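A.B. asks:
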Amino acid sequence: SVFRSLIPLLILWLSFKFKLTIVFYLTMLSMEFNNVVLPSNDVSHIILKGDICKKNEKIIGPGLKIVDNKIFVCNSGVLKCKDEKLFWVEYRKKKYSPAKDDIVIGIVAAKTSEMYKVDIGASELATLPYLAFTNATKKNRPDIKLGNVIAAKIKMATPYMESEISCVEYANSIILGQLENGFLITVNLNYALQLRKSNSKLLYHLGQFVPYEIVIGANGKIWIKSASVRTTIAIGNVILKAEHLKEEDIPLLIKNFNKSLNV
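So in full-length UniProt numbering, spot 198 of the sequence shown is number 198, and the numbers just go up one at a time.
Written out as structure tokens, the structure reads:
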């Protein structure tokens, strides 16, 4: 019934409004994807559908965690699924929480005698030592200025402290360092996670029409570069619009994008 479907929303509202600790059991309701879920909810039966052997075939994203072969919710939000493989909880998260080895995109906000301070969208600026670049030495270091955009890897992440990032490139890593002459956009963290998957149909279809470069940060920052400013901005707009579209609507969006390039 309509009333029953509103129960999760009511409980979620009460928990924030009155700061109540509410124990809510998924088994009491017929839960499906796109339903509201709360911390500590066990969603194993929804994702695994009774087959624990398929656990390794599933990709568990933000808002979920695996404990003793069970999948629990750790953030209040809406349970989402894509292609029966990727599962996550969509929730509003104002700040990015740095995690070791994440690739992020940041803007240089300050300089000290030994390091840069970089805004990566977290609660604190990240530190980037002058020597944390490929082939950098005390006499030969990149000429990075305030406002420059860089791609880096989280080297150290500690709660309530500044994270340390590095632009040193390793074998098979993406290009790290300064990102020049491109266009920077910001998207939802969960959407960025989807785009970072190698099988993103949106990015694949865009590449069928125009060559372009793209770096997608785990912090929701996306840097784009193509042959012209007009095309670069058009690609950015398509990516932003696609965030709120269903997968079956993507081909029409790409078609309109191609038409706009030929006008």
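Glycine included, C-beta positions come from ideal geometry on N, C-alpha and C.
A quick note: this is a predicted structure, and the numbers were derived from the prediction, not measured.
1. Let's see if you can read the secondary structure: which residues bound the alpha helix (DSSP H) around T127?
2. Measure the Cβ-Cβ separation of N258 and F209 and say whether it is below 8 Å.
3. Quick check: what's the CA-CA separation for K58 versus I47?
4. Report the partner residues of V43 according to the DSSP bridge assignment.
5. If we ignore side chains and look at the alpha-carbon of each, how far apart do I250 and E164 end up?
6. What three-state label does DSSP hand T112 in the structure shown?
7. Do you know offhand how far T137's Cα is from E114's?
8. Would you say Y160 lies against chain C (beta-carbon separation less than 8 Å)?
9. Going straight from the alpha carbon of A122 to that of P159, what length do you get?
10. List the residues that DSSP assigns as beta-bridge partners of K201.
11. Name the residue from N190, T186, N219 whose alpha carbon lies nearest to the alpha carbon of V238.
12. Could you name the residues that DSSP lists as bridge partners for T186?
13. According to the Cβ coordinates, are I120 and V104 closer than 8 Å?
14. What does the alpha-carbon distance come out to for the pair L64 and K201?
15. Helix, strand or coil, according to DSSP, for S163 in the structure here?
16. Can you tell me which of D83, W88, K80, S44 puts its alpha carbon nearest to the alpha carbon of D68?
17. Can you tell me where the alpha helix (DSSP H) with I239 in it begins and where it stops?
18. In the DSSP assignment, what are the bridge partners of L179?
19. Could you check what DSSP says for residue 278 in three-state terms: helix, strand or coil?
20. What does a CB cutoff of less than 8 Å around G220 pick up in its chain, not counting 5 residues either side in sequence?
21. Taking the straight line between their C-alpha atoms, what separation do you get for Q178 and D102?
22. Under a three-way DSSP split, which group does L64 fall into?
23. For A132, which option in E162, K155, W88, Q194 has the closest C-alpha, if you only look at C-alpha atoms?
24. Measure the alpha-carbon distance for L79 versus N135 and round it to whole angstroms.
25. Return the Cβ separation of Y212 and I235 in integer angstroms, given the expectation that the two are a contact with Cβ distance under 8 Å.
26. Is the beta carbon of V37 less than 8 Å from the beta carbon of V118?
C.D. replies: According to the structure shown:
1. For the purposes of this step, residue 127 is taken as the residue at position 127 of the sequence shown. It is not in any alpha helix (DSSP H) - T127 instead sits in the beta strand (DSSP E) that spans 126-129.
2. As a first step, residue 258 must be located in the sequence shown, where it is residue number 258. As a first step, residue 209 must be located in the sequence shown, where it is residue number 209. In contact: N258 and F209 (Cβ atoms closer than 8 Å).
3. Position 58 of the sequence shown holds residue 58. Position 47 of the sequence shown holds residue 47. The straight-line gap from Cα to Cα measures roughly 8 Å.
4. Taking the first residue of the sequence shown as 1, we reach residue 43 at position 43. BP columns for V43 are empty, so no partner.
5. By 1-based counting over the sequence shown, the position of residue 250 is 250. By 1-based counting over the sequence shown, the position of residue 164 is 164. I250 and E164: Cα-Cα distance of roughly 37 Å.
6. Taking the sequence shown and counting its residues from 1, the one referred to as residue 112 is at position 112. In this structure, T112 counts as coil in the three-state DSSP scheme.
7. The count along the sequence shown starts at 1 and reaches residue 137 at position 137. The count along the sequence shown starts at 1 and reaches residue 114 at position 114. Their backbone Cα atoms lie some 12 Å apart in a straight line.
8. This model lacks chain C altogether; it includes just one protein chain.
9. Position 122 of the sequence shown, counting from 1, holds the residue named residue 122. Position 159 of the sequence shown, counting from 1, holds the residue named residue 159. Rounded to whole angstroms, A122 to P159 spans 11 Å at the Cα level.
10. What you label residue 201 is simply residue 201 of the sequence shown in a count that begins at 1. None, per the DSSP bridge assignment.
11. On the sequence shown, position 238 is the one that residue 238 refers to. Out of N190, T186, N219, T186 has the C-alpha closest to the C-alpha of V238.
12. Here residue 186 corresponds to residue number 186 of the sequence shown, with the count starting at 1. Per DSSP, K221.
13. Along the sequence shown, one-based indexing puts residue 120 at 120. Along the sequence shown, one-based indexing puts residue 104 at 104. A contact, by the Cβ cut-off of 8 Å.
14. Here the question's residue 64 lines up with position 64 in the sequence shown. Here the question's residue 201 lines up with position 201 in the sequence shown. Distance between the alpha carbons of L64 and K201 is about 24 Å.
15. Translated into the one-based positions of the sequence shown, residue 163 becomes position 163. It is coil, neither helix nor strand.
16. For the purposes of this step, residue 68 is taken as residue 68 along the sequence shown, with counting starting at 1. For the residues D83, W88, K80, S44, the minimum Cα distance to D68 belongs to S44.
17. To locate residue 239, count along the sequence shown from 1; it is residue 239. Segment 229-242, the alpha helix (DSSP H) holding I239.
18. Position 179 of the sequence shown, counted from the start, is the residue given in the question as residue 179. V149.
19. The structure shown does not extend to residue 278, since the chain spans only 1 to 263, so no value can be given for it.
20. Looking up residue 220 in the sequence shown gives position 220. Correct list, in chain order: Y96, G121, T186, V187, N188, L189, Y191, A192.
21. On the sequence shown, residue 178 is found 178 positions in, with the first residue counted as 1. On the sequence shown, residue 102 is found 102 positions in, with the first residue counted as 1. Rounded to the nearest angstrom, the two C-alpha atoms are 17 Å apart.
22. If you number the sequence shown from 1, residue 64 lands on position 64. Of the three classes helix, strand and coil, the one that applies to L64 here is strand, per DSSP.
23. Here the question's residue 132 lines up with position 132 in the sequence shown. Nearest option by C-alpha distance: K155.
24. Stepping through the sequence shown from its first residue, residue 79 is reached at position 79. Stepping through the sequence shown from its first residue, residue 135 is reached at position 135. Approximately 45 Å, taken between the alpha carbons.
25. The residue labelled residue 212 in the question sits at position 212 within the sequence shown. The residue labelled residue 235 in the question sits at position 235 within the sequence shown. Right, their Cβ atoms sit about 6 Å apart.
26. In the sequence shown, counting from the first residue as 1, residue 37 sits at position 37. In the sequence shown, counting from the first residue as 1, residue 118 sits at position 118. No, these two residues do not count as a Cβ contact at 8 Å.
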